[in-house]
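*Asks:* One structure, as structure tokens, below. Some questions next.
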Amino acid sequence: MRWDEVDELIRAAVAKDVEEGQKRLCGLEERVIRELARRPVRRSFWERVREFLSRPAPRWALVGALAALLLGFALGRLTAPTPIPQWNPNLFVIAAPGAKSVAIVGDFSAWQPLPLSDPDGDGIWSAIIPLPPGRYEYAFLVDGKWVGQDPLAHEYLRTFGEYVSVRYIGGERADRSS
Amino acid sequence: MPAEELELIQRSLNGDLEAWGEIVSRYKEAVFAVTLSILRNWADAEDATQDAFIRAYENLRHYDLSRKFSTWLFTVAANVAKNALRKRKRQKEPPFSEAEDDPAEEVHQDLRLAAVRRAVTELPEVYRLPVMLYYWHGLPVEEIAQVLGVPAGTVKTRLYRARALIRAKLVEEGVIRDAVG
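Protein sequence lines correspond, in order, to chains B and G. Read left to right, the first sequence gives residues 10 to 187 (the numbering used here). Read left to right, the second sequence gives residues 25 to 205 (the numbering used here).
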């Protein structure tokens, strides 16, 4: 099945879900208006924050603990290793002078970002990714911006309004065209 | 923004609830799709849709008129639905809307479509909203990124991954063959 056929199936499926639930929305306008009319005037978020901060010190301990927890969580996320299957190495490379971070996403990584590195700072970012023979769709993320057309790719596809590169590894392309 | 819609918003800002009712009428279906994608349950999505319009009205003064109204409204709706989801998880209520499905009717449905619906419903939360915004609302990736508050590249990776997960599920269930043309 082609990807555009999968797209059509997904489109039909979500439309059906929404369509079947829609009958519940009858009279929603009146319910919203009625609820708003009976509500007291609500204080803004900042008014409530000011009140919270003006309370005695023990609250600050809670704020500090929460900040430490969030920092720990963020560091844990950033340093979590991404498993890579052990296969023949393939070089992925992109010129991105001035970039702060470059990553590659593709079907081989379940579209999760794998970082590229530029150890000598010449703007050429690369990663060696071991992959078994096959056809792979991928794109680069340069400072979070999608770069779908790798000059070293064998072909390009256009999906979700943007390009992705396709690379055939280990003679897969020749097998497919024969 | 169309002048008529801008007028409705300005009237709503001045406390005109009838004008807000007209906004609800225009966007209720779209907001319901957003909340449904997160909550996966029609009854909860209905409640969240109502709450979203109430929250949006109460925070309307924070809406930047230079932004697209629907993008802001979907962001509010997504936040309301995510809060409801967190609350539901704490209360350990059943998440899926499958209990509401009529099995007899499902027999008559196209089996493949039913399988895709299940696959979409079973997607992790982080993928369901971008899928709905892309496939049902037809929003461009940049606008989805604004609603989710993430870079456009992240939206694209989520869409690719969601589609791959759905396809893998369909292959696993034998609904489609394991070959991409």
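Virtual Cβ for every residue (Gly too), placed ideally from N, Cα, C. Nothing here was measured: the structure is a model prediction, and the numbers come from that model.
1. With 16 other CB atoms within 10 Å as the buried threshold, where does Leu212(G) fall?
2. In terms of residue numbering, what span does the beta strand (DSSP E) encompassing Leu100(B) cover?
3. Cβ of Glu122(G) less than 8 Å from any chain B Cβ?
4. From the DSSP output, in three-state form, read off Ala123(G) for me.
5. List, in order along the chain, the chain B residues whose C-beta lies closer than 7 Å to that of Trp160(G)?
6. In terms of residue numbering, what span does the alpha helix (DSSP H) encompassing Arg180(G) cover?
7. Which residues share a DSSP beta bridge with Tyr81(G)?
8. First and last residue of the beta strand (DSSP E) that includes Val58(G)?
9. Cα separation between Val156(B) and Trp160(G)?
10. Starting from Arg136(G), find everything on chain B with Cβ-Cβ shorter than 8 Å and list it in chain order.
11. For chain B, check one thing: does any of its Cβ atoms lie closer than 8 Å to the Cβ of Val100(G)?
12. Of all Cβ atoms in chain G, is any one closer than 8 Å to the Cβ of Asp159(B)?
13. By DSSP, does Ala21(B) sit in helix, in strand, or in coil?
14. Against chain B, does Glu167(G) count as a neighbour if the rule is that its beta carbon must be under 8 Å from one of theirs?
15. Tell me, please, whether the CB atom of Asp116(B) is closer than 8 Å to any CB atom in chain G?
16. Three or more C-beta pairs closer than 8 Å, one from the stretch 95–112 of chain B and one from the stretch 126–135 of chain B: is that the case here?
*Replies:* Let's see:
1. Past the edges of chain G, shown from 25 to 205, lies residue 212(G), and the structure says nothing about it.
2. 98–104
3. Note on Glu122(G): pLDDT 49, under 50, position unreliable in the model; no value is reported.
4. Per-residue confidence for Ala123(G) stands at a pLDDT of 42, beneath the threshold of 50, marking its modelled position as unreliable; no derived number is given.
5. Simply Val23, Ala24, Val27.
6. Per the sequence shown, the amino acid found at residue 180(G) is Lys instead of Arg. That run of the alpha helix (DSSP H) goes 176–196.
7. Beta-bridge pairing links Tyr81(G) to no other residue.
8. Not the beta strand (DSSP E): Val58(G) falls in the alpha helix (DSSP H), residues 41–63.
9. 26 Å
10. Leu18
11. no
12. no
13. helix
14. no
15. yes
16. The stretch 95–112 of chain B vs the stretch 126–135 of chain B: in contact.
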